[in-house]
Amino acid sequence: MTIDSSRAHQTLRAEGLRCPEPLMMVRKTIRNMADGEMLLVLADDPSTTRDIPSFCRFMDHQLIESQTEKTPYEYLICKGIPCNDTDR
């Protein structure tokens, strides 16, 4: 399964980066986005399978969808709660 990238307002490619870099990049990118916008993250560091869902819970963002069966792992994150997914 692959996440539909057309739903994302931005895409962050973090392949080849190791912890903590992918999460630091996610945090920096989301900080510059508006509430309700969506970020597609592509990463291949196994720690992201734990770190990104935890980050979303802690920071009150929504992990809309994830694919962790094969690399690159994909995460669709909506900034803030609730998420407005109707315009994409």
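Following the working numbering, the numbering of the sequence shown begins with 3 at its first residue and continues without gaps. The beta-carbon is built from N, C-alpha and C at its ideal position, and this holds for glycine as well.
Item, Value
"Roughly how many angstroms lie between the CA atoms of Gly82 and Ile32, to the nearest whole one?", "10 angstroms"
"If contact is defined by three or more beta carbon pairs under 8 angstroms, each pair taking one atom from either stretch, is the stretch 51-59 in contact with the stretch 3-10?", "no"
"From this set, Glu17, Val28, Pro48 and Lys72, which residue's C-alpha is nearest Leu78's C-alpha?", "Val28"
"Applying the 10 Å Cβ sphere with the 16-neighbour rule, what's the burial state of Thr50?", "buried"
"Would you check if the distance between the CB atom of Asp46 and the CB atom of Pro74 is smaller than 8 angstroms?", "yes"
"Leaving out five residues on either side along the sequence, give the residues of the same chain with a beta carbon under 8 angstroms from the beta carbon of Glu71.", "Met3"
"Apart from the five residues just before and just after His63, which ones in its own chain have a Cβ nearer than 8 angstroms to its Cβ?", "Ile32, Phe57, Ile79, Cys80, Lys81, Gly82 and Ile83"
"By the three-class DSSP mapping on this structure, what secondary structure does Leu19 have?", "coil"
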